[in-house]
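Heads up, the thing below is written out as structure tokens.
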Amino acid sequence: MDNNAARNVLERNIEFLLYFAERGMADKVISIIDEVVDSQSFSTRDIEALVNWVLEQMEVMLLKKTGKTEIQAAIAFIDFDMKPRQVDLLRVYRRLQEYTFS
1 MDNNAARNVL
11 ERNIEFLLYF
21 AERGMADKVI
31 SIIDEVVDSQ
41 SFSTRDIEAL
51 VNWVLEQMEV
61 MLLKKTGKTE
71 IQAAIAFIDF
81 DMKPRQVDLL
91 RVYRRLQEYT
101 FS
């Protein structure tokens, strides 16, 4: 599977990825990405680009649903008033960032 094919598969499943991300299930999001990405044929740079693309797509979907990107809001306003959903999204965002550099 090449980069474009992997992106197409992830694009078709982006709603599921967002569903899991909204519930703080970073490991489930990563396992789905792992299933799509064959680590033997993808460079670290390719995987990082795909994960960043997934994050961007999730933010676009959040923007359509809520009028703002809650991932960005969670990162920008780390305080005690954060909604549980924002904390979950922030956890997923950070976990995905760690994943790109592992």
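Numbering (UniProt numbering), first residue to last: 1 to 102.
Where is the CB? At the ideal position from N, CA and C, for every residue including glycine.
Helix, strand or coil at residue i according to DSSP, with G and I counted as helix
| i | result |
| --- | --- |
| R45 | helix |
| M58 | helix |
| V37 | coil |
| R23 | coil |
C-alpha gap between residue i and residue j, whole angstroms
| i | j | result |
| --- | --- | --- |
| Q57 | D46 | 16 angstroms |
| N4 | E98 | 23 angstroms |
| V51 | L63 | 18 angstroms |
| I33 | L10 | 7 angstroms |
| M61 | S31 | 20 angstroms |
| V29 | I14 | 10 angstroms |
| F80 | S41 | Only weak support is given to the placement of F80: the predicted model assigns it a pLDDT of 46, under 50, and the value that follows is read from those uncertain coordinates. For F80 and S41, the distance between alpha carbons rounds to 43 angstroms. |
| R12 | M25 | 19 angstroms |
Endpoints, the alpha helix (DSSP H) within which residue i is located
| i | result |
| --- | --- |
| N3 | 3-12 |
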